[in-house]
Structures are given as C-alpha cells and as structure tokens.
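Novice: In the numbering used here, the protein residues as written are 119 to 274.
Sharing a structure with you now.
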Amino acid sequence: MSKKRKFSVLPWARIVAMTLVTLVLVVAGVWASWGTAQHVLLSKGREHGVLTVTGCGAEICTGRFDPDGPAGVRTDLTIDRSVAVVKGESYPVVVKPGTRETVRAGWAGGLHAWLPLGGALLLAAPVLAGGLRLTRAAWISALSGAALLVGTFLIV
119 MSKKRKFSVL
129 PWARIVAMTL
139 VTLVLVVAGV
149 WASWGTAQHV
159 LLSKGREHGV
169 LTVTGCGAEI
179 CTGRFDPDGP
189 AGVRTDLTID
199 RSVAVVKGES
209 YPVVVKPGTR
219 ETVRAGWAGG
229 LHAWLPLGGA
239 LLLAAPVLAG
249 GLRLTRAAWI
259 SALSGAALLV
269 GTFLIV
C-alpha cells in the first residue's frame, strides 16, 4: 500500500504573502530615497556650492547660494526644512537640475537621502523574522537600518 501525501497551500501562501510584504517595504524605501539620493550620488555635472540659510518657513528654508566656479551668488534657492538645517548655518549643496531646490552634498547629504530606506529595513526585519522565519536576514536588515538611522543622526 502506498501512502498519499497531503499537499497544503497555506504554508506557501504565507511565504508568498510575507515575501511580497517585505519586497514592497524595501522597494518603497528605495523609491522614497532615490528622489533625493540620485542628486547626491550622481552629482557630476550638476551645480555645486554652499547654501547659507537665511530664513525658514514651515516646510522649506531659503538662503544665499554661493556656487563653485565663476557663476554669481543667488538668493532664490531653497532646501527642505529638517532638524539638520539651522538658520545662519552654511551647508555644501547640489542644485536639482531645472529647479531652485537644493539637497545637501557629501556624507551628510547621502545619509540623509537614504533615511527612508533605513526605516524600511527596520520595518522589514519583523516580517523577515516572524513571517518568513529568516532570523539571520532579519538581524542583518534590522542592524543595517539602525546603522543608517544612527549614522544619519550622528553625522547630520
């Protein structure tokens, strides 16, 4: 006599669902980060300079932009307001092409740009550990996300 094996769809459905949730979290973090990170990481050929913040509103700060090179000083550029932007301080920035918006350059700007990815990695860790039973991957995700968040806090 042969024994028939039962096939259950439930474990596979759980794996597929948790994999999709994890992918959505990480892809959303990369997508949210890339809008700013591309200007910091791929800054060759873009306008660089120093922005001295002269005033801040609810969401944006304005300031005096002193570009690298022969171009003249401009006063119509903005930067997103955050806890890292203080009135009266000067920051190295990159101008987004075709706009009056700037993003911070260097390590501080790069880490600040990837901040949403750090949060997404932290959110993905419990899904990896609990839903997919991948504890090592969950620890790597959580520690990477935490390192990015703490690094941004310390450098910015």
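All C-beta atoms, glycine included, are put in the ideal place defined by N, C-alpha and C.
Is the separation between the beta-carbon of V212 and that of V158 shorter than 8 Å?
Specialist: Yes, Cβ-Cβ distance for V212 and V158 is below 8 Å.
Novice: Return the chain-ordered list of same chain residues with a C-beta closer than 6 Å to the C-beta of A247, the five sequence neighbours on each side being excluded.
Specialist: Hits under 6 Å: T253 and A256.
Novice: Using the beta-carbon count (16 or more within 10 Å), is L229 buried or exposed?
Specialist: Buried.
Novice: Is T193 buried or exposed, if buried means 16 or more other CB atoms sit within 10 Å of its CB?
Specialist: Classification for T193: exposed.
Novice: Please confirm whether Y209 and V168 have their CB atoms less than 8 Å apart.
Specialist: Yes, the Cβ-Cβ distance between Y209 and V168 is below 8 Å.
Novice: Give the DSSP-derived three-state secondary structure of F125 in the structure shown.
Specialist: Coil at F125, not helix or strand.
Novice: Quick check: the Cα distance between G227 and R251, rounded to an integer number of angstroms?
Specialist: G227 and R251: Cα-Cα distance of roughly 35 Å.
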